[in-house]
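Have a look at the structure below, then the notes.
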Amino acid sequence: MTQSVAPLSDLKRSGRGVSKKGSLTRQNNRIGLLATLPAFLVVACLLFLPICYAVGISFYKTDGVTFKFIWLKNYLSIFTSPIVHQVFVTNLKFLIAIPFVILLATLCSVLLYEKIFGWKFFRVVFFLPTVLSTSVIGLMFRSAFSFEGPVNAGLAKLHHAPINFFSSGNTAIFVVLLALIWSGFGYASIILLAGLMAIDPDIFSAAEVDGAGWWQKVRFITVPSIRGQLAFVAIINILYTFTSLFGFIFVMTAGGPLYSTTTLDYLIFQKAFSSNDMGQGSALAILVFGIISALTLTQSRYLTGKARD
Amino acid sequence: MAKKISPARHGIFLILASLALTTLYPLGYVLITAFRSLHDYAKNPYGLPDAYSLENFTLLFKNYGLGLAARNTILVVGLSLLISLSFSSIAGYALAKYDFPGSKAINISFVAVMLLPSQILIIPIYLLLSKIQLVGHLPGLMFVYIATNIPFGVFFLKATFKGIPDPIIEAARIDGAGFFKTFFLIALPNSIAGLTTIALLQFLGMWNELLYAYLLLPDQTQRLLTPALASIGGRFVSNQPLVAAALCITAGPTLVLLAMSSRFLVRGVTGGIGSS
Numbered sequence: 001m002t003q004s005v006a007p008l009s010d011l012k013r014s015g016r017g018v019s020k021k022g023s024l025t026r027q028n029n030r031i032g033l034l035a036t037l038p039a040f041l042v043v044a045c046l047l048f049l050p051i052c053y054a055v056g057i058s059f060y061k062t063d064g065v066t067f068k069f070i071w072l073k074n075y076l077s078i079f080t081s082p083i084v085h086q087v088f089v090t091n092l093k094f095l096i097a098i099p100f101v102i103l104l105a106t107l108c109s110v111l112l113y114e115k116i117f118g119w120k121f122f123r124v125v126f127f128l129p130t131v132l133s134t135s136v137i138g139l140m141f142r143s144a145f146s147f148e149g150p151v152n153a154g155l156a157k158l159h160h161a162p163i164n165f166f167s168s169g170n171t172a173i174f175v176v177l178l179a180l181i182w183s184g185f186g187y188a189s190i191i192l193l194a195g196l197m198a199i200d201p202d203i204f205s206a207a208e209v210d211g212a213g214w215w216q217k218v219r220f221i222t223v224p225s226i227r228g229q230l231a232f233v234a235i236i237n238i239l240y241t242f243t244s245l246f247g248f249i250f251v252m253t254a255g256g257p258l259y260s261t262t263t264l265d266y267l268i269f270q271k272a273f274s275s276n277d278m279g280q281g282s283a284l285a286i287l288v289f290g291i292i293s294a295l296t297l298t299q300s301r302y303l304t305g306k307a308r309d
Numbered sequence: 001m002a003k004k005i006s007p008a009r010h011g012i013f014l015i016l017a018s019l020a021l022t023t024l025y026p027l028g029y030v031l032i033t034a035f036r037s038l039h040d041y042a043k044n045p046y047g048l049p050d051a052y053s054l055e056n057f058t059l060l061f062k063n064y065g066l067g068l069a070a071r072n073t074i075l076v077v078g079l080s081l082l083i084s085l086s087f088s089s090i091a092g093y094a095l096a097k098y099d100f101p102g103s104k105a106i107n108i109s110f111v112a113v114m115l116l117p118s119q120i121l122i123i124p125i126y127l128l129l130s131k132i133q134l135v136g137h138l139p140g141l142m143f144v145y146i147a148t149n150i151p152f153g154v155f156f157l158k159a160t161f162k163g164i165p166d167p168i169i170e171a172a173r174i175d176g177a178g179f180f181k182t183f184f185l186i187a188l189p190n191s192i193a194g195l196t197t198i199a200l201l202q203f204l205g206m207w208n209e210l211l212y213a214y215l216l217l218p219d220q221t222q223r224l225l226t227p228a229l230a231s232i233g234g235r236f237v238s239n240q241p242l243v244a245a246a247l248c249i250t251a252g253p254t255l256v257l258l259a260m261s262s263r264f265l266v267r268g269v270t271g272g273i274g275s276s
């Protein structure tokens with residue numbers, strides 16, 4: 001699509017442009033800078049400034065109205081708080097979803113790669129949960145597993161007593177894990193499938209000539225070739241577990257019973273907006289951000305490997 | 001090469017079909033439940049309804065203000081998307097095709113805040129916005145959506161505009177076309193696919209967002225759809241059909257969008273490192 005290119009005859013005038021090149025470059029400099037300015041200013045005011053502000057108030061005891069400088073006390077009380085420890089462990093429990101997500105996604109992508117009848121349709125179906133809000137997914141699962149919900153109705157048909165899934169920590173975590181797996185494997189499959197499609201098909205033909213079976217091809221060619229994508233999916237899911245469970249927890253359990261399903265991001269929200277302890281909320285947010293930044297940076301090798309395409 | 005139809009392929013089809021069913025069945029269940037009355041649902045939750053009715057939807061629109069929430073959501077998401085895309089496409093174009101002092105630093109600063117989690121921003125943003133009296137007003141939330149979407153937008157569109165061959169732009173520049181002329185007449189028309197993809201990703205991100213929308217618009221009359229859904233879900237746990245209808249209203253537009261443009265979305269998530 002190059003219709004908008006100037007006709008060749010006009011290029012004769014190009015001499016004029018070259019002679020003015022010095023001033024053109026200077027003008028370009030100014031325009032380039034001016035063009036990035038609106039975006040940069042918005043980001044500076046609404047992202048950079050707030051981050052600095054968050055670091056600042058993490059040293060204060062504050063409800064947003066009164067401020068009292070307390071040095072590192074917010075951080076100290078986070079490190080010594082048993083609730084924070086419990087919540088951190090809960091967060092680790094939610095990581096259980098990741099092996100299942102990756103296993104299902106690998107299965108899906110390897111099968112989709114065979115390009116059987118309808119594979120494009122299946123690809124869109126698996127992608128469906130990705131476009132849904134965490135609150136939509138969370139509410140679907142909460143409704144399904146509520147005491148009077150369809151899952152218990154099904155159990156009743158099997159003559160099983162109804163289970164109050166959200167009254168105990170372990171069953172509540174189980175339902176959240178199901179929601180995470182259900183909504184997570186499609187996105188991962190699409191990423192892995194993209195990796196598979198980048199593999200040179202000749203490798204598979206060569207292996208077939210050598211007598212490799214389907215499983216051997218998966219084991220020795222497919223999986224090693226998509227190691228980068230697998231790592232990417234794992235990291236994204238770990239980051240997700242530490243930063244993006246708020247929607248699920250908010251609509252499904254509100255962190256309860258007690259603190260048994262409270263995640264770090266939900267705890268930040270609770271501290272800041274239910275207990276009005278904005279200082280400690282900020283301190284916790286900064287610590288969580290520190291954890292995930294460290295995680296991302298140590299694994300950035302894989303991330304940059306992915307970013308190449 | 002003609003595809004051979006072997007028993008193995010039937011097996012693959014069956015596995016994929018059953019996996020697809022686990023995705024589709026809950027969605028279909030919610031869709032059907034939304035069109036049932038509570039009475040009809042209670043009789044037989046698994047069966048097909050005796051009669052379809054719109055009563056849940058009319059109830060939600062009449063009594064629980066979902067119509068207003070939908071209007072607010074469309075307004076906030078639409079305007080934020082328009083502004084964020086304008087800013088990020090102009091900045092992305094400048095960073096892709098113009099070499100100016102400071103461009104590297106500006107680029108790095110965008111990338112640095114690209115994956116910022118919302119929980120680190122929400123407290124200071126809430127305090128700063130309440131200082132300028134913007135908590136509880138739609139523009140306050142719009143500012144936040146615009147700002148949080150710009151970094152990835154710039155990153156994505158910079159990569160998109162980089163794909164336009166330099167000689168085309170050079171030729172136009174030599175002819176005297178300035179920044180905006182090359183931007184509007186060359187860069188934008190040649191990047192429709194990229195623009196569509198990023199617009200879809202950002203639309204979904206804003207439409208589905210809960211934390212900012214819930215906290216920055218605490219007033220009932222200013223509610224957006226996602227927080228309204230969350231509160232309806234919390235209040236009517238035992239009225240499955242009503243919750244199902246609210247789910248349909250909130251999720252419907254995103255699913256229709258996916259059905260219409262899966263090509264762009266699939267490319268969008270596999271192309272960049274994007275998970276916006």
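Top line first, the protein sequences correspond to chains W and S. Each residue of the first sequence is one higher than the last, beginning at 1 in UniProt numbering. Each residue of the second sequence is one higher than the last, beginning at 1 in UniProt numbering. Backbone N, C-alpha and C define an ideal beta-carbon position, used for all residues, glycine too. Since the model is a prediction, treat every value here as computed from it, not as a measurement.
W:Phe69 - DSSP class collapsed to helix/strand/coil: Note: W:Phe69 maps to strand in three-state DSSP.
Within chain S, partners of W:Ile191 - CB distance below 8 Å: Ordered by position in chain S, the residues that pass the 8 Å Cβ test against W:Ile191 are Val269, Thr270.
6 Å CB neighbourhood of W:Tyr113 in its chain, flanking five on each side removed: Within the same chain, W:Tyr113 has close Cβ partners Leu196.
Nonlocal neighbours in the same chain, by C-beta distance under 7 Å from S:Tyr64, ignoring five residues either side: Closer than 7 Å at Cβ, skipping near neighbours: Ile232.
For S:Lys181, three-class secondary structure by DSSP: Helix at S:Lys181.
Chain S contact residues for W:Phe204, given Cβ-Cβ distances below 9 Å: At a C-beta separation below 9 Å, W:Phe204 has no neighbours in chain S, since its nearest C-beta there lies roughly 12 Å away.
Bounding residues of the beta strand (DSSP E) (the contiguous stretch that carries W:Lys61): Going by DSSP, W:Lys61 is part of the beta strand (DSSP E) stretching over 60-62.
Reduced DSSP category for W:His85 - H, G, I as helix; E, B as strand; rest coil: In this structure, W:His85 counts as helix in the three-state DSSP scheme.
Collapsed DSSP secondary structure at S:Leu238 in the structure displayed: The residue you asked about is not Leu; residue 238 of chain S is Ser in the sequence shown. If DSSP states are grouped into helix, strand and coil, S:Ser238 belongs with coil.
Proximal chain W residues relative to S:Thr226, where beta-carbon distance stays under 7 Å: Taking the beta carbon of S:Thr226 as reference, the chain W residues within 7 Å of it are Ser133, Ser135, listed in sequence order.
W:Gly281 burial status per 10 Å Cβ neighbour count (16 or more: buried): So W:Gly281 ends up on the buried side.
Closer than 9 Å at the beta carbon, the chain W residues around S:Leu14: In chain order: nothing, as chain W lies at least about 10 Å away.
Selected residue, minimal CA-CA separation from S:Ser191, among S:Lys162, S:Leu215, S:Tyr212: Measuring from the Cα of S:Ser191, the nearest candidate turns out to be S:Lys162.
Short CB-CB distance (under 8 Å) between W:Val125 and chain S: At a cut-off of 8 Å between C-beta atoms, W:Val125 counts as an interface residue with respect to chain S.
Inside the region 187-261 of chain W only - alpha helix (DSSP H) runs reaching at least 4 residues: List check, alpha helix (DSSP H) in window: 201-209, 214-217, 227-243, 246-252.
Coarse secondary structure for W:His159, derived from DSSP in three states: Looking at W:His159 - three-state DSSP - the assignment turns out to be coil, as it is neither helix nor strand.
Neighbourhood of S:Ile249 by C-beta, 8 Å cutoff - its chain only, sequence neighbours within 5 removed: Cβ within range, chain order: Phe57, Leu60, Leu66, Ala70, Leu225, Leu229.
Amino acids of chain W, ordered along the chain, whose beta-carbon sits closer than 7 Å to that of S:Pro139: Chain order gives no chain W residues near S:Pro139, where near means a beta carbon separation below 7 Å; the closest approach is about 12 Å.
Pair within 8 Å by beta-carbon distance, W:Ile83 and W:Gly279: The answer is no: Cβ separation not under 8 Å.
Any C-beta of chain S under 8 Å from that of W:Thr263: Output row for W:Thr263: interface = no.
Residue range of the alpha helix (DSSP H) that includes W:Gln299: Where W:Gln299 is concerned, there is no enclosing alpha helix (DSSP H), because DSSP gives it neither an H nor an E.
Residues that W:Ile268 contacts on chain S, provided the C-beta gap is smaller than 7 Å: What W:Ile268 touches in chain S, judged by beta-carbon distance under 7 Å, is Gln119, going in chain order.
Residues of the region 56-76 of chain W whose Cβ lies closer than 8 Å to any Cβ of chain S, in chain order: When CB distances to chain S are screened at a threshold of 8 Å, the residues of the region 56-76 of chain W falling below it are Ile57, Gly64, in chain order.
From W:Leu287, W:Phe242, W:Ala35, residue whose alpha carbon lies closest to that of W:Ser77: The shortest C-alpha separation from W:Ser77 is found at W:Leu287.
Under 7 Å from the C-beta of W:Gly247: neighbouring residues of chain S: Simply Leu210.
Which of helix, strand or coil DSSP assigns to W:Lys271: Taken through DSSP and simplified to helix, strand or coil, W:Lys271 comes out as helix.
Buried versus exposed call for W:Ala294 [16 or more other C-beta atoms within 10 Å across all chains shown]: Exposed.
Interface flag, W:Thr243 vs chain S, CB-CB below 8 Å: Interface residue, yes.
Pick from S:Arg263, S:Ser109, S:Ile90 that is closest to S:Ile186, judged by C-alpha positions: Just measuring C-alpha positions, the residue of S:Arg263, S:Ser109, S:Ile90 sitting nearest S:Ile186 is S:Ile90.
Interface positions of the region 148-181 of chain W facing chain S (Cβ-Cβ less than 9 Å), listed along the chain: Cβ contacts with chain S: Glu148, Gly149, Pro150, Ala153, Gly154, Lys157.
Length at least 4, wholly inside the region 18-87 of chain S: the alpha helix (DSSP H) runs in chain order: Listed in chain order, the complete alpha helix (DSSP H) runs (minimum 4 residues) inside the region 18-87 of chain S are 38-43, 55-63.
Under the three-state DSSP convention, the category residue 310 of chain W falls into: Any property of residue 310 of chain W remains undetermined from this structure, which presents chain W solely from 1 to 309.
Straight-line Cα distance separating S:Leu115 from S:Ala244: Rounded to whole angstroms, S:Ala244 to S:Leu115 spans 32 Å at the Cα level.
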